[in-house]
């Protein structure tokens, strides 16, 4: 059974959004996964079923649907909500259809105009209580999304929600790298103590994943958490970062200047944002 039993894939029908289907194959390899394909209209006239624009959009959505059905996904539904604020329409659709995961692409020309502060991507990330996957348009091979996964953690329960996702996909995961960043310390002795404790906890996480047959390792950084996470993701050629929206210390609320937001802004690989609440507990 997939970690995500029902997925809402929101597309603006740009080439960037085309990559989402390949990401879906990686994150939801179980073809029993229910898929809701959504395109948001911001104008009632465009949403008129008799209009040319609607017919063009519907034809494209049918193309996505056919691709998914050919890949073995039998339960695929199309929806075309209307809303002045696309992120609200996506949030509402996700809740209405009881989705376990939202999927969007950044750098699109429609509801995802850019990854700049205040864009719909971040409005959606702030508003949704569902896990949110954001695909980046940075030349990453989406078919290798699970080859190398980076998991930042401050050892809080919330920051370790990613373990549930990884365990659920263990047959497909290549390598997991845990990252802990020591941001503040009073002295060299304090740093050595924090480093030693972090090393001990990280090794426990590595050993736990190895029990599930997952290759794992860890890195310890020092300085600004978001910068270190992004730096390490590039250095380790990570394909995916799984990070919680909130958590004590390392991962705070997805607000201005937060670690999670800065990672989303500056990373070059896909991001899976997990909600603050323990929504993915076994």
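Residue numbers (my numbering): 181 to 462.
Yeah, the Cβ is synthetic: ideal placement off N, Cα and C, and Gly gets one too.
Note that the coordinates shown come from a computational prediction; the quantities given were computed from them, not determined experimentally.
Tell me whether residue i sits in a helix, a strand or coil according to DSSP, three-state version.
i           : result
residue 439 : helix
residue 261 : coil
residue 376 : helix
residue 336 : coil
residue 399 : strand
residue 291 : The predicted position of residue 291 is uncertain, since its pLDDT is 43 and thus under 50; a value taken from the coordinates is nonetheless stated next. If DSSP states are grouped into helix, strand and coil, residue 291 belongs with coil.
residue 343 : helix
residue 348 : helix
residue 448 : coil
residue 256 : strand
residue 381 : helix
residue 226 : coil
residue 323 : helix
Which residue marks the beginning of the beta strand (DSSP E) containing residue i, and which one marks its end?
i           : result
residue 360 : 355-362
residue 310 : Here residue 310 belongs to no beta strand (DSSP E), and DSSP marks it neither H nor E.
residue 393 : No beta strand (DSSP E) contains residue 393, which DSSP labels as neither H nor E.
residue 248 : Here residue 248 belongs to no beta strand (DSSP E); instead the alpha helix (DSSP H) covers 232-250.
I need the boundaries of the alpha helix (DSSP H) containing residue i, first residue and last residue.
i           : result
residue 272 : 266-276
residue 414 : 405-415
residue 284 : That residue, residue 284, is in no alpha helix (DSSP H); its beta strand (DSSP E) goes 281-285.
residue 206 : 200-207
residue 420 : Careful: residue 420 lies outside any alpha helix (DSSP H), inside the beta strand (DSSP E) at 420-424.
With residue i and residue j assumed to form a contact (beta carbons below 8 Å), what rounded beta-carbon distance in angstroms separates them?
i           : j           : result
residue 450 : residue 315 : 5 Å
residue 439 : residue 406 : 5 Å
residue 259 : residue 307 : Rounded, the Cβ-Cβ distance is 18 Å, inconsistent with contact.
residue 186 : residue 278 : 6 Å
residue 361 : residue 331 : Their Cβ separation, rounded to whole angstroms, is 12 Å, which puts residue 361 and residue 331 out of contact at 8 Å.
residue 241 : residue 270 : Contact doesn't hold; Cβ gap of about 15 Å is too wide.
residue 350 : residue 393 : 6 Å
Measure the alpha-carbon distance for residue i versus residue j and round it to whole angstroms.
i           : j           : result
residue 339 : residue 415 : 22 Å
residue 396 : residue 388 : 9 Å
residue 335 : residue 344 : 14 Å
residue 384 : residue 254 : 40 Å
residue 312 : residue 371 : 34 Å
residue 428 : residue 398 : Bear in mind that the predicted position of residue 428 carries a pLDDT of just 37, short of 50, making it too unreliable to give a figure here.
residue 251 : residue 413 : 30 Å
residue 222 : residue 400 : 45 Å
residue 216 : residue 257 : 5 Å
residue 354 : residue 229 : 45 Å
residue 374 : residue 421 : 24 Å
residue 285 : residue 444 : 12 Å
residue 183 : residue 363 : 32 Å
residue 352 : residue 452 : 16 Å
residue 273 : residue 403 : 39 Å
residue 224 : residue 262 : 7 Å
residue 325 : residue 206 : 6 Å
residue 292 : residue 369 : Unreliable placement is indicated for residue 292, whose pLDDT of 41 sits below 50; no coordinate value is reported for it.
residue 379 : residue 386 : 10 Å
residue 454 : residue 419 : 17 Å
residue 190 : residue 408 : 30 Å
residue 245 : residue 201 : 10 Å
Based on the DSSP secondary-structure assignment, which residues constitute the bridge partners of residue i?
i           : result
residue 186 : 214
residue 194 : None, per the DSSP bridge assignment.
residue 221 : 262
residue 454 : 424
residue 301 : Looking at the DSSP assignment, residue 301 forms no beta bridge with any residue, so it has no partner.
residue 330 : 357 and 421
Can you find a CB in chain B that lies within less than 7 Å of the CB of residue i?
i           : result
residue 316 : Judged by its chain identifiers, the structure shown contains no chain B, having just a single protein chain.
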